[in-house]
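A.B. asks: According to our numbering, the sequence shown is numbered sequentially starting from 10.
Where a beta carbon is used, it is the ideal one built from N, C-alpha and C, also for glycine.
This is the structure I want to talk about, given as structure tokens.
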Amino acid sequence: MKLYNTMSKTKEEFVPLEEGKVKMYVCGPTVYNFIHIGNARPMMVFDTVRRYFEYKGYDVNFVSNFTDVDDKIIKKANEEGVTADEISKRYIEESKKDMEDMNVKPATKHPLATEEISGMIALIQNLIDKGYAYAKNGTVYFRTRRFEDYGKLSHKNLDDLRSGNRSLLVSGEDEKEDPLDFVLWKPKKEGEPSWESPWGDGRPGWHIECSEMSKKYLGEQIDIHAGGEDLIFPHHENEIAQSEAANGKEFAKYWLHNGFLNIDNRKMSKSLGNFFTVREISEKYDLQVLRFFMLSAHYRSPLNFSAELMEAAKNGLDRIKTAADNLRFLLDNAKVEELTEAEQEKMSKAQEFVGSFEKAMDDDFNTADAISAIFELVKYANTTADGESSCAYLNGLLDLIVKLADVLGIIIEKKEELLDADIEALIQERQAARKERNFARADEIREELLAKGIVLEDTREGVKWKRA
Ligand code: AMP
Ligand code: ZN
């Protein structure tokens, strides 16, 4: 199994630190609003990575944090006149709801930065003791040049950074020994959340949070650290400096980064007005469609979101669901139980599509090709299963489709259908509405049923209905 490591800029064979186990940390969102569809990309992509490792038999310890103390949270709290804690708690709950609807598995652990402050303080103290950090008037800085490997992940050269950063010297951080130094602990400002520390009341910098939470829940060395590509520098570079300076060990073996999601070929931003939350998308589409869309591209490629591409994703997903429904229908009517000899051969042919699926996923999680393999399997099912097929053959095909889709986090359930009893109940309600001359409601019910494929016909004998 190969994965692309940002550190070496090559695809490397995956060798776990511990046989049969994967320790994985994914930087989670800062919770000051509903998550947007850009945030949804790493969630869905790395959940799929986790599911594939599990499919391969690995035991995955998956940790993903919520950053619940940050300038943006404080700003939002001040705007609403509530505490920062209220804002972060609210949006953690909302994020979890969205994740569930996107079929993103809950992490083994979702640590909150605010609950890990004492560990962060100990880590900062350790860095000070080792000479990698220093305190100045309540602020603690990391001594970047002391860490020789600085820049190894982002492939940046310290001197280039130095010239790019010169302006920092005049931007109020003039107490630093060097403009490249970054903040580990910042002093309290009036009206902001703060904690006691040996350097005075204050709060941690963003980077130290992940170094601490990763160490606490996964240990000093982990297999995979992941996030969006914007986190490579400075966030992940700084995490490496902090963790490796403190622990004296390589922090993570593989660094995985997803490409960005754009909207109609433009960067997503509030000011451009092309900004969608996952919740907004869920009003128009089943979030399974969003997931199918996200996985239709390789996770490292930039991905463009548009109405047309979402429609294409919806059609693709429907093709798989329809094939599964067809197999279920044939199963209900199948007469033969056991696989026939001819079917045994067909079943091994169907297994070849599983081989292509795994080959694609083994190649740095190529979900686009993995989806193509599922389509091939679906086509094969459509052409080889019929009224003569045995239960065993139909079940075999259905299981394969459902199992592969599940690795991608796509649920292939029965297409939603109104039960006869539900239809009858709505017709009764419509009759009652008409009696009360509430024609608006009566029409609304007719439309509602029509949208679900039920056509009503008013006849002399009463209302009749049929499926369109
Ligand atoms: P943030 O809340 O900004 O810290 O982001 C949480 C996660 O979402 C990080 O891994 C980011 O890299 C990722 N992310 C944010 N915006 C996008 C985007 N437009 N496309 C893909 N990933 C994104
Ligand atoms: Zn992080």
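#1: Taking a cut-off of 5 Å, which residues have a beta-carbon closer than that to any heavy atom of the ligand ZN, in chain order?
#2: Do residue 193 and residue 126 count as a contact pair if the criterion is CB distance below 8 Å?
#3: For residue 422 and residue 330, what's the separation of their Cα atoms in angstroms?
#4: Kindly identify the DSSP beta-bridge partner or partners of residue 76.
#5: Spatial neighbours of residue 180 within its chain, please: C-beta separation below 6 Å, excluding the five flanking residues on both sides.
#6: Inspect the beta-carbon positions of residue 249 and residue 162 and report whether they are closer than 8 Å.
#7: Which residues mark the beginning and the end of the alpha helix (DSSP H) in which residue 58 is found?
#8: What's the gap between the Cα of residue 142 and the Cα of residue 123?
#9: Got a sec: does the ligand AMP put a non-hydrogen atom nearer than 7 Å to the Cβ of residue 277?
#10: Give the C-beta separation of residue 40 and residue 82 to the nearest angstrom, bearing in mind that I take them to be a contact with Cβ-Cβ under 8 Å.
#11: Quick check: does the Cβ of residue 270 come within less than 7 Å of any heavy atom belonging to the ligand AMP?
#12: Going by the beta-carbon positions, is the gap between residue 44 and residue 38 smaller than 8 Å?
#13: Can you tell me whether residue 60 is buried or exposed, with buried defined as 16 or more other CB within 10 angstroms of its CB?
#14: Measuring only the C-alpha atoms, how far is residue 420 from residue 247?
#15: Is the CB-CB distance between residue 301 and residue 270 below 8 Å?
#16: Identify the residues that DSSP records as bridge partners of residue 71: which are they?
#17: Are residue 222 and residue 74 touching if we call contact CB-CB under 8 Å?
#18: Can you tell me whether DSSP reads residue 21 as helix, strand or coil?
#19: Given this structure, state the Cα-to-Cα distance separating residue 219 from residue 464, to the nearest angstrom.
#20: Return yes when the C-beta of residue 324 is under 7 Å from any heavy atom of the ligand GDP, and no when it is not.
#21: Go through its chain and collect everything with a Cβ distance to residue 103's Cβ below 7 Å, but skip five positions before and after it.
#22: Would residue 131 pass as a contact of residue 137 if the rule is Cβ separation under 8 Å?
#23: Drop a sphere of 10 angstroms on the beta-carbon of residue 77, count the other beta-carbons inside from all chains shown, and report buried for 16 or more, exposed for fewer.
#24: Rounded to whole angstroms, what is the Cα-Cα separation between residue 209 and residue 69?
#25: With distances taken Cα to Cα, identify the nearest neighbour of residue 337 among 307, 296, 345, 406.
#26: Please report the residue range of the alpha helix (DSSP H) in which residue 412 lies.
#27: Is residue 50 close to the ligand AMP? I mean its beta-carbon at under 7 Å from any heavy atom of the ligand.
#28: Verify whether the separation of the beta carbon atoms of residue 455 and residue 439 is less than 8 Å.
#29: If you drop the 5 nearest sequence neighbours on each side, which residues of the same chain put their C-beta closer than 6 Å to that of residue 177?
#30: Could you say which of 412, 258, 472 lies nearest to residue 437 if we only look at CA atoms?
#31: Under 7 Å: does the beta carbon of residue 56 sit that close to some heavy atom of the ligand AMP?
#32: Suppose you measure from the CA of residue 230 to the CA of residue 259; what does that come to, to the nearest Å?
#33: Which residue marks the beginning of the alpha helix (DSSP H) containing residue 472, and which one marks its end?
#34: Rounded to the nearest angstrom, what separates residue 306 and residue 327 at their Cα positions?
#35: Is it buried or exposed, residue 97, if we count other Cβ atoms within 10 angstroms and call 16 or more buried?
#36: Report the rounded CA-to-CA distance for residue 242 versus residue 33, giving the unit in angstroms.
C.D. replies: Quick answer:
#1: Look at which beta carbons fall closer than 5 Å to any heavy atom of the ligand ZN; those residues are 36, 219.
#2: No; because the gap between Cβ atoms is not below 8 Å, this pair is not in contact.
#3: The straight-line gap separating the alpha-carbon atoms of residue 422 and residue 330 is approximately 7 Å.
#4: Residue 76 pairs with 39.
#5: Model confidence at residue 180 stands at a pLDDT of 46, short of 50, so the residue's coordinates are unreliable and nothing is read from them.
#6: Yes; because the gap between Cβ atoms is below 8 Å, this pair is in contact.
#7: For residue 58, the enclosing alpha helix (DSSP H) stretches over residues 46 to 64.
#8: A direct Cα-to-Cα measurement between residue 142 and residue 123 gives close to 22 Å.
#9: Yes; taking the cut-off as 7 Å, the Cβ of residue 277 has a heavy atom of the ligand AMP nearer than that.
#10: 7 Å between Cβ atoms; contact.
#11: Checking every heavy atom of the ligand AMP against the Cβ of residue 270, one is found closer than 7 Å.
#12: Result yes, Cβ atoms of residue 44 and residue 38 sit closer than 8 Å.
#13: Residue 60 counts as buried, since at least 16 other C-beta atoms from the protein chains shown sit within 10 angstroms of its C-beta.
#14: Here the C-alpha atom of residue 420 lies approximately 38 Å from the C-alpha atom of residue 247.
#15: For the 8 Å CB-CB criterion, residue 301 and residue 270 do not form a contact.
#16: Answer is 33, bridged to residue 71.
#17: Here residue 222 is near residue 74, since their CB atoms are less than 8 Å apart.
#18: DSSP places residue 21 in strand when its eight states are reduced to three.
#19: Spanning the two alpha carbons is a distance of roughly 56 Å.
#20: Among the ligands in the structure shown, the ligand GDP does not appear; only the ligand AMP and the ligand ZN can be found there.
#21: Here the set comprises 43.
#22: Against a cut-off of 8 Å, the Cβ pair of residue 137 and residue 131 comes out as no contact.
#23: Residue 77 should be labelled buried.
#24: Take the alpha-carbon of residue 209 and the one of residue 69: they are about 39 Å apart.
#25: With distances taken between Cα atoms, residue 337 lies closest to 406.
#26: Unbroken alpha helix (DSSP H) run through residue 412: 400 to 416.
#27: It does: the Cβ of residue 50 is within 7 Å (strictly closer) of some heavy atom of the ligand AMP.
#28: One thing to note: residue 455 has its Cβ within 8 Å of the Cβ of residue 439.
#29: Residue placement at residue 177 is poorly supported in this model, since its pLDDT is 47, which falls under 50; the coordinates still yield a value, given next. Counting only residues of its own chain and dropping the five nearest sequence neighbours on each side, residue 177 has a CB closer than 6 Å to the CB of 188.
#30: Here the closest residue by C-alpha is 472.
#31: For residue 56, the shortest C-beta to heavy atom distance toward the ligand AMP is 7 Å or greater.
#32: Whole-angstrom Cα-Cα distance: 6 Å.
#33: Careful: residue 472 lies outside any alpha helix (DSSP H), inside the beta strand (DSSP E) at 471 to 476.
#34: Roughly 18 Å separates the two Cα atoms.
#35: Classification of residue 97: buried, given that the 10 Å Cβ count is 16 or more.
#36: Cα to Cα, the separation comes out at about 19 Å.
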